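Peer 1:
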Ligand code: HEC
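Numbering (the working numbering), first residue to last: -5 to 106.
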């Protein structure tokens, strides 16, 4: 029984870790690929810019989730990207989902 519970627990952790990546891949990667900045800044650039701007993961996630929930040229951290591509469209995702995605973007070993 204990073994079974442990198995369930580890399966859940694997699922939780990979599902935030799946959310990013499903909703963001079409525009934000790791290396091709044809349509939008790369995920690597975004991670770098946001990590420079926010000292903690909490602040990084909070700002990114709020901003992506309602993209606004006036508060963008990458104004040169707004000039180049136009402001990002609103995607209609809820805050819980956006926080998961932002948390993935903070932790993901991008550009390594
Ligand atoms: C249809 C294309 C498209 C999709 C899909 C998209 N983005 Fe963007 N995104 C853009 C473009 C274009 C910009 C650059 C202009 C800007 O900053 O508004 C941008 C900018 C950003 C920025 C930088 C904002 C700043 O502070 O300047 C973040 C962070 C971001 N996107 C996160 C996301 C996340 C997270 C998702 C998925 C939930 C996502 N984007 C999906 C096109 C897209």
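Built from N, CA and C at the ideal position, the CB exists for glycine as well. Predicted, not measured: the structure shown is a model, and the values here were computed from it.
(1) So, using beta-carbon positions, are residue 94 and residue 64 closer together than 8 Å?
(2) Which residue marks the beginning of the alpha helix (DSSP H) containing residue 101, and which one marks its end?
(3) In or out: residue 54 buried (at least 16 other Cβ within 10 Å) or exposed?
(4) From residue 90 to residue -3, what does the alpha carbon distance come to, in whole angstroms?
(5) At the level of alpha carbons, what is the spacing between residue 101 and residue 45?
(6) Return the residue from the list 25, 49, 59 that minimises the CA-CA distance to residue 38.
(7) Does the distance from the CB of residue 79 to the CB of residue 33 come in under 8 Å?
(8) What's the gap between the Cα of residue 74 and the Cα of residue 20?
(9) Can you find a heavy atom of the ligand HEC that lies under 7 Å from the Cβ of residue 19?
(10) Quick one: using the 10 Å Cβ neighbour count with 16 as the cut-off for buried, is residue 28 buried or exposed?
(11) Residue 24 lies in the alpha helix (DSSP H); which residues open and close that run?
(12) What are the boundary residues of the alpha helix (DSSP H) that includes residue 38?
Peer 2: Quick look at the numbers:
(1) no
(2) Start and end: 89 to 101.
(3) buried
(4) 32 Å
(5) 10 Å
(6) 25
(7) In this structure, residue 33 lies closer than 8 Å to residue 79 by Cβ.
(8) 26 Å
(9) When distances are taken from the beta-carbon of residue 19 to the heavy atoms of the ligand HEC, even the shortest one reaches 7 Å or more.
(10) exposed
(11) No alpha helix (DSSP H) holds residue 24; DSSP gives it neither H nor E.
(12) Start and end: 37 to 47.
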